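Data block below; observations after.
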Amino acid sequence: MLKACLNGGRRRDEHPAVPVTPADLAADAARCAELGVAAVHVHARDAAGAESLAPAVIAETVAALRAARPEMAIGVSTGAWIEADPAARVAAVRAWPVLPDFASVNVHEEGAEAVAAALHERAVLVEAGIWAAADVPAYRRWRVPAGRILVECTPDEPIEALAAAAAMLAALTPDDPPVLLHGEGGAAWPVLAEAVRRGLHTRIGLEDTLHLPDGATAADNAALVAAARALGAR
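Per the numbering used here, the very first residue in the sequence shown carries number 430; after that it's consecutive.
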């Protein structure tokens, strides 16, 4: 599976094509779907452009994406930087009137298991985000099933990121859920190539990088997806 990560915490002053509003996200998702993307991961924003887990914000964003591409799987972030209080994150998930298909939960964050449990109770697939090999034992202590493991390589330097990927993948077993491997910044394309080589799910988009494999600035998310397809992601 190739997923498009459309915006993350990016601002328009970082790149003018970063989608912020529900309409922006829906239009970008439709363009990426035409290129073969099966799922999108978005960070919903409120009217001021700030990331939000508020029920009304999630509902408007998910509804816009679903109307644009009903067949596309839609995912959102539940990162602690959006809402620091774990109890508030759980309460927000339980109050969402319109549900995404999946949501990412970073294993190392305080209250991660409780957030995952709230998602699971609502039949939202949980993506367990692992940022280091040490997160794997913590994930295995969860009493909540995950539907996918996100192996997230945060180092910007490619050699360091690929070493981190190898360590995290080595800590997983065939009994674990399917893996999506991705990198960020300067390591985004080398890690995507490694995911393709290993036959793993992967993702690309303006959340992870603003640049094409040759270093040129990407015009938009669709340009990044097209480059990923050219490298063999599907």
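All residues carry an ideal CB built from backbone N, CA and C; glycine is no exception. Just so we're clear, the structure is a prediction, and the values are computed from it rather than from any experiment.
### Query
Buried or exposed: where does GLU539 fall if 16 or more other Cβ atoms within 10 Å of its Cβ makes it buried?
exposed
### Message
If you follow the alpha helix (DSSP H) that ARG569 is in, where does it begin and where does it stop?
### Response
564-569
#### Entry: Buried versus exposed, by CB contacts within 10 Å (16 or more), THR646
exposed
### Query
Going along the chain, which residues of its own chain have a beta-carbon closer than 7 Å to the beta-carbon of HIS444, five neighbours each way excluded?
LEU635 and LEU639
### Query
Would a C-beta distance cut-off of 8 Å place ALA446 and ASP585 closer than the cut-off?
no
### Query
Alpha carbon to alpha carbon, how far is ALA659 from ALA594?
22 Å
### Query
Is ARG632 helix, strand or coil by DSSP?
strand
### Task
Can you check DSSP and say which residues form a bridge with ILE503?
VAL469
### Task
Taking ARG663 as the reference, give the member of GLY644, ALA651, THR631 and ASP637 with the closest Cα.
THR631
### Query
Do you know offhand how far ILE578's Cα is from ARG626's?
18 Å
### Query
In whole angstroms, what is the alpha-carbon distance linking ARG523 and ARG495?
20 Å
### Query
So what does DSSP say about GLU538, is it helix, strand or coil?
coil
### Query
Run through DSSP, which three-state label would ARG474 get?
strand
### Query
For VAL449, does the three-state DSSP call read helix, strand or coil?
coil
### Query
Roughly how many angstroms lie between the CA atoms of GLY504 and THR583, to the nearest whole one?
20 Å
### Query
Do VAL580 and LEU591 have their C-beta atoms closer together than 8 Å?
no
### Task
Quick one: using the 10 Å Cβ neighbour count with 16 as the cut-off for buried, is ALA521 buried or exposed?
buried
### Task
Answer yes or no: do LYS432 and VAL486 have a C-beta to C-beta separation smaller than 8 Å?
no
### 8 Å Cβ cutoff met for LEU541 and ALA497
The residue you asked about is not Leu; residue 541 is Ala in the sequence shown. Going by C-beta atoms, ALA541 is not nearer than 8 Å to ALA497.
### Query
Taking the beta strand (DSSP E) that ALA433 falls in, what are its first and last residues?
431-434
### Query
So the beta strand (DSSP E) ARG663 belongs to, where does it begin and stop?
First-last for ARG663: undefined, no H or E at that position.
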